[in-house]
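Colleague: For the sequence shown, this note's numbering gives the first residue as 1286, with consecutive numbering after it. Before we start, here is the structure in question, set down as structure tokens.
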Amino acid sequence: MEQTIFDHMEKVRGITEKSIRRIPEEMADIIPEGFNNSIRWNFGHIAFVQEKLVFGISGEKMNVPVNYERLFGAGTKPADWIEEPPSFREIASVLTEQKPRIKTFLHGRMDQKLPSPFTNRGGITFYTTGEAFLFGFYHEAIHMETIKQIYRSIINKG
């Protein structure tokens, strides 16, 4: 079952990686009416949250740039940024680089208890590394749908 889960991660993340390569970066920071965040923020948020769900809440060192939490953590938004965000290429690199690290770290650990239960902003509590990791697929899909909606809104307005 573990290999099936890792294969699914490859598929889900593959969709995300393909999208960040296909969307023109000049659309990255447009925030259409009705949205709080940009396409760039959503891609960065996907990378940051998956890192936190796998490594951060397990008590391991997170391997994303230190500014990702300030720029892309829950509750952040581009309107509050006081530093230059990473390029699409940089975010794409983080997204791609996460996959082998996640596989290596989680191999044989899906049922490992977290140092302490973690409750996300939505009120969902995770007790094992596998629970948190699997939630990341749902989270990534939500933000990919938001990216598609922002993209369509930009295209239809232009």
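Just so it is clear, CB atoms sit at the ideal spot from N, CA and C, and this is done for glycine as well.
#1: As a quick exercise: from S1343, N1322, F1328, pick the residue whose alpha carbon is nearest that of R1374.
#2: Just mark G1421 as buried or exposed, buried being the case when its beta carbon has 16 or more other beta carbons within 10 Å.
#3: Which residues in the same chain as A1377 place their Cβ atom closer than 6 Å to its Cβ, once the five residues preceding and following it in sequence are excluded?
#4: For R1394 and Y1436, what's the separation of their Cα atoms in angstroms?
#5: Going by C-alpha distance, which of D1396, F1333, M1429 is nearest P1371?
#6: Does the count of Cβ pairs from the stretch 1336-1346 and the stretch 1286-1304 closer than 8 Å reach three?
#7: How is the alpha helix (DSSP H) around T1413 delimited, first residue to last?
#8: When burial is assigned at 16 or more other CB atoms within 10 Å of the CB, is N1321 buried or exposed?
#9: Going by other Cβ atoms of all chains shown within 10 Å of its Cβ, with 16 needed for buried, is T1389 buried or exposed?
#10: Thinking C-beta only, is E1425 closer than 8 Å to T1301?
#11: Enumerated in chain order, which unbroken segments of the alpha helix (DSSP H) with a length of 4 residues or greater are wholly contained in the stretch 1361-1410?
#12: Along the chain, where does the alpha helix (DSSP H) containing A1313 start, and where does it finish?
#13: Measure the CB-CB distance between S1438 and P1309 and report whether it falls below 8 Å.
#14: Alpha carbon to alpha carbon, what distance is there between H1330 and K1358?
Modeller: Inspection of the coordinates gives the following:
#1: F1328
#2: buried
#3: I1305
#4: 37 Å
#5: F1333
#6: no
#7: First-last for T1413: 1410-1413, but that is the beta strand (DSSP E), not the alpha helix (DSSP H).
#8: exposed
#9: exposed
#10: yes
#11: 1373-1391
#12: No alpha helix (DSSP H) holds A1313; DSSP gives it neither H nor E.
#13: no
#14: One detail in the question is off: residue 1358 reads as Gly in this sequence, not Lys. Looking at the two C-alpha atoms, the distance is approximately 6 Å.
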